[in-house]
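If you count the sequence shown from 1, you need to add 1 to reach my numbering. Note that CB positions come from ideal geometry on N, CA and C, so glycine has one too. These notes are about the structure you will find just below.
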Amino acid sequence: MPTEYEENDVESSAAAASADVEMEGATAVAGDETVVAEETVVAEKDTAPEPRATFISYLVSPVVTLLIGSNDSESILTAHQALLVQSPFFKEACAQFSDDGSPRQVELLNEDVDAVGNFLEYLYTGDYYPRKIPGQRTLEFDPTAPEVDDTGDQLLKHARVYTLAEKFGVDGLRTLASSKIHCVDSTAKGEIAYARYVYQYTAKDDTTIRAPVASFWAARSHPCAPRPSPSSRPSASSSPSLAISVSAAYTMLCPC
Numbered sequence: 002m003p004t005e006y007e008e009n010d011v012e013s014s015a016a017a018a019s020a021d022v023e024m025e026g027a028t029a030v031a032g033d034e035t036v037v038a039e040e041t042v043v044a045e046k047d048t049a050p051e052p053r054a055t056f057i058s059y060l061v062s063p064v065v066t067l068l069i070g071s072n073d074s075e076s077i078l079t080a081h082q083a084l085l086v087q088s089p090f091f092k093e094a095c096a097q098f099s100d101d102g103s104p105r106q107v108e109l110l111n112e113d114v115d116a117v118g119n120f121l122e123y124l125y126t127g128d129y130y131p132r133k134i135p136g137q138r139t140l141e142f143d144p145t146a147p148e149v150d151d152t153g154d155q156l157l158k159h160a161r162v163y164t165l166a167e168k169f170g171v172d173g174l175r176t177l178a179s180s181k182i183h184c185v186d187s188t189a190k191g192e193i194a195y196a197r198y199v200y201q202y203t204a205k206d207d208t209t210i211r212a213p214v215a216s217f218w219a220a221r222s223h224p225c226a227p228r229p230s231p232s233s234r235p236s237a238s239s240s241p242s243l244a245i246s247v248s249a250a251y252t253m254l255c256p257c
């Protein structure tokens with residue numbers, strides 16, 4: 002056989018072998034991609050969000066009785082268990098109930114009934130009255146509330162909701178109540194009642210609600226600020242921790 006034909010046969014065989022290797026490599030890559038794609042689909046199926054519960058599913062859940070206050074001041078409210086268990090506090094309480102027909106009750110002996118009412122309103126509607134006006138730092142008109150909060154009652158309303166949301170572990174309500182506090186127009190007298198409540202019922206490391214209080218009174222203590230009357234200033238004797246926070250905030254405003 003002529004040499005040139007032998008060389009051509011060798012080259013053809015080498016080319017065919019190379020093509021086979023390339024095809025095998027391509028097939029392997031395609032196979033790997035298929036496996037990855039299948040794994041991705043499985044992962045997506047595993048992480049798919051659960052179907053949203055319908056509102057009627059909440060309403061057909063068992064009704065829980067809330068006993069608020071004690072003795073002559075006791076009030077009774079009710080709510081659907083499926084809504085209450087969105088709160089870790091109530092989820093733990095409701096886990097103790099049995100299905101033998103015994104009463105489903107939770108005692109809230111030291112809580113404010115209005116704050117609990119606001120909490121329940123939030124669970125059912127996603128907000129509580131008065132609502133914030135979209136795009137503004139203002140609350141909707143409340144005919145029962147004064148234009149200016151001179152007593153601190155409106156500030157305390159939202160502060161009580163804030164501390165209750167903290168206790169019940171409902172972060173959305175906690176954030177909402179905090180934002181509404183900053184929508185209330187109040188006087189120094191109203192602010193002092195609010196400040197005392199905040200420093201009595203919130204954690205020391207809760208800067209979300211404490212820091213603005215301290216900054217407010219530090220600013221009013223500045224030499225250039227109008228001097229409030231003694232009855233409208235926080236005192237060290239009534240709230241030592243508040244006085245310390247105000248002093249620290251004042252130092253930041255006026256380091257001299």
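(message) Going by DSSP, what residue range makes up the beta strand (DSSP E) through residue 80?
(response) Per DSSP, the unbroken beta strand (DSSP E) holding residue 80 starts and ends at 76-81.
(message) Check for me: the beta strand (DSSP E) holding residue 260 runs from which residue to which?
(response) The shown model of the chain, from 2 to 257, leaves out residue 260, and the question about it has no answer.
(request) Say whether the region 114-123 touches the region 158-175, bearing in mind that this needs 3 or more beta-carbon pairs closer than 8 angstroms, one atom from each stretch. (result) Between the region 114-123 and the region 158-175 there are three or more inter-stretch CB-CB distances shorter than 8 angstroms, so the stretches are counted as touching.
(request) Would you mind listing the alpha helix (DSSP H) stretches within the region 123-150 that are 4+ residues and don't spill past its ends, in chain order? (result) Runs of the alpha helix (DSSP H) inside the region 123-150: none found.
(message) Judging by CA-CA distance, which residue of 215, 143, 166 and 188 is the nearest neighbour of residue 85?
(response) Looking at the Cα atoms, 166 is the closest of the given residues.
(request) Leaving out five residues on either side along the sequence, give the residues of the same chain with a beta carbon under 8 angstroms from the beta carbon of residue 1. (result) This structure gives no information on residue 1, because the portion of the chain shown stretches from 2 to 257.
(message) Tell me the DSSP secondary structure of residue 108 in three-state form.
(response) Here residue 108 sits in strand by DSSP.
(request) Would you mind sorting residue 130 into buried or exposed? The rule is 16 or more other CB atoms within 10 Å of its CB. (result) Of the other Cβ atoms in all chains shown, fewer than 16 fall within 10 Å of the Cβ of residue 130; this residue is therefore exposed.
(message) Which residues does DSSP list as the beta-bridge partners of residue 187?
(response) According to DSSP, residue 187 bridges with 150.
(message) Judging by CA-CA distance, which residue of 127, 212, 154 and 177 is the nearest neighbour of residue 56?
(response) Between residue 56 and the set 127, 212, 154 and 177, the nearest pair of CA atoms involves 127.
(message) If contacts are defined as beta-carbon pairs under 8 angstroms, then residue 191 and residue 151 qualify, I think. What distance do you get, rounded to the angstrom?
(response) About 5 angstroms separates the two Cβ atoms, so the contact holds.
(message) Could you tell me the alpha carbon to alpha carbon distance between residue 71 and residue 110, rounded to whole angstroms?
(response) If you take the alpha carbons of residue 71 and residue 110, they lie about 6 angstroms apart.
(request) Compare the C-beta of residue 140 against all C-beta atoms of chain B and say whether one is closer than 9 angstroms. (result) Of the protein chains in this structure there is only one, and it is not chain B.
(message) Please classify residue 51 as buried or exposed, where buried requires at least 16 other C-beta atoms within 10 Å of its C-beta.
(response) By the beta-carbon neighbour count (other beta carbons within 10 angstroms, threshold 16), residue 51 is exposed.
(request) Kindly indicate which three-state DSSP category residue 209 falls into: helix, strand or coil? (result) Judged by DSSP in its simplified three-state form, residue 209 adopts helix.
(request) For the alpha helix (DSSP H) containing residue 180, list its first residue and its last residue. (result) 172-182 is the span of the alpha helix (DSSP H), which, as asked, contains residue 180.
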